[in-house]
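Single-structure report; data block below.
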Amino acid sequence: MSPQPETPAAHERPVHPAPRRRSSGDRSMQRATVIAVAVGLVLDLIVIIVAAARPESAALGGALVGTGLTLIVVLPSAVIAFLGPRLSPLSMAATVLGSWAVKMFAVILILLMVRDLPSLSTQWIGLALLVGAVSAMLVEATLLMRTRQPLDVEPVEAPREPPAQQ
Numbered sequence: 008m009s010p011q012p013e014t015p016a017a018h019e020r021p022v023h024p025a026p027r028r029r030s031s032g033d034r035s036m037q038r039a040t041v042i043a044v045a046v047g048l049v050l051d052l053i054v055i056i057v058a059a060a061r062p063e064s065a066a067l068g069g070a071l072v073g074t075g076l077t078l079i080v081v082l083p084s085a086v087i088a089f090l091g092p093r094l095s096p097l098s099m100a101a102t103v104l105g106s107w108a109v110k111m112f113a114v115i116l117i118l119l120m121v122r123d124l125p126s127l128s129t130q131w132i133g134l135a136l137l138v139g140a141v142s143a144m145l146v147e148a149t150l151l152m153r154t155r156q157p158l159d160v161e162p163v164e165a166p167r168e169p170p171a172q173q
């Protein structure tokens, strides 16, 4: 019996990849999406306050539905910004495309369902959606353009052999 505790051989040890450090580009993207969501919601809150001051009750209901639709549009971007560093480029592209398709389908479906409800003002739905979602997208785009982060990719190892001559 050996005085040393038995340790598994190197080939038997579980291999855990080193945790990937967040790059400054990841942090910039996350910060931009969080600020954009906050700006969109603050502006939608102003729309809700103005709608609540209106004499017609349909205005407030429309502003609330529009704010809900704003959340459907902007929150997936924020979630993807935090999931992105853990995803491969292909799964990231599929996630972005899939989330865009799902949120557009949900927005269109909800708009079709509420378009004829007299208790909701479609103008206020559109106003809240426009103010919240468009302002959030503009803020996010502006912040990301200002950061000017370099593309962070690892070079592909390619053989440096000259092509075979015949």
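Per the working numbering: the sequence shown = residues 8 to 173. Positions of the beta carbon are idealized from the N, C-alpha and C atoms, including for glycine. Predicted model only: the values in this text are computed from it and were never measured.
I need the straight-line Cα distance from Leu104 to Thr74, nearest angstrom please. Translated into the one-based positions of the sequence shown, residue 104 becomes position 97. Translated into the one-based positions of the sequence shown, residue 74 becomes position 67. Looking at the two C-alpha atoms, the distance is approximately 23 Å.
With a threshold of 6 Å on Cβ separation, who are the neighbours of Leu94 within its own chain once the five nearest residues in sequence on each side are excluded? Position 87 of the sequence shown holds residue 94. Answer for Leu94: no residue qualifies.
Whole angstroms are fine: how far does the CA of Leu124 sit from the CA of Val41? Along the sequence shown, one-based indexing puts residue 41 at 34. Along the sequence shown, one-based indexing puts residue 124 at 117. Looking at the two C-alpha atoms, the distance is approximately 33 Å.
So what does DSSP say about Leu124, is it helix, strand or coil? Locating residue 124 in the sequence shown gives position 117, where the first residue counts as 1. If DSSP states are grouped into helix, strand and coil, Leu124 belongs with coil.
Ala143 versus Ala85: straight-line alpha-carbon distance, rounded: As a working note, residue 143 is residue 136 in the sequence shown. As a working note, residue 85 is residue 78 in the sequence shown. Using only the alpha carbons, I get a separation of about 11 Å.
Start-to-end residues for the alpha helix (DSSP H) that takes in Ala140: Counting from one through the sequence shown, the residue named residue 140 turns up at place 133. Segment: none, Ala140 is in no alpha helix (DSSP H) and carries neither H nor E.
Can you list, in chain order, the residues of its chain whose CB lies under 7 Å from that of Val80, leaving out five sequence neighbours each side? Looking up residue 80 in the sequence shown gives position 73. Cβ within range, chain order: Lys110, Val114 and Ala140.
Kindly provide the ranges of any alpha helix (DSSP H) runs that are 4 or more residues long and lie completely inside the segment 31-103, ordered along the chain. 31-60 and 64-90
Rounded C-alpha distance that separates Pro83 from Gln130: Numbered from its first residue, the sequence shown carries residue 83 at position 76. Numbered from its first residue, the sequence shown carries residue 130 at position 123. Computed Cα separation, rounded: 25 Å.
What's the call for Ile56, buried or exposed, on a 16-neighbour Cβ count within 10 Å? Numbered from its first residue, the sequence shown carries residue 56 at position 49. Exposed is the call here.
Residues in its own chain within less than 8 Å of Asp51 by CB, not counting five upstream and five downstream? Taking the first residue of the sequence shown as 1, we reach residue 51 at position 44. Once the five neighbours on either side are set aside, the close Cβ partners of Asp51 are Ala70, Gly73, Thr74, Thr77, Ala135, Val138 and Gly139.
Within its chain, find whatever has a CB closer than 8 Å to the CB of Glu147; leave out the 5 residues flanking it on each side and keep chain order. Position 140 of the sequence shown holds residue 147. Excluding positions up to five away in sequence, the list reads Ala39, Thr40, Ile42, Ala43 and Ser84.
Is the Cβ-Cβ distance between Ala65 and Ser128 less than 9 Å? By one-based count along the sequence shown, residue 65 stands at place 58. By one-based count along the sequence shown, residue 128 stands at place 121. In contact: Ala65 and Ser128 (Cβ atoms closer than 9 Å).
Where Leu145 and Ser106 are concerned, what is the direct C-alpha to C-alpha distance, given to the nearest angstrom? As a working note, residue 145 is residue 138 in the sequence shown. As a working note, residue 106 is residue 99 in the sequence shown. Cα-Cα distance, rounded: 19 Å.
Integer Cβ distance of Gln37 from Phe89, believed to fall under 8 Å: Position 30 of the sequence shown, counting from 1, holds the residue named residue 37. Position 82 of the sequence shown, counting from 1, holds the residue named residue 89. So it is a contact: roughly 6 Å between Cβ atoms.
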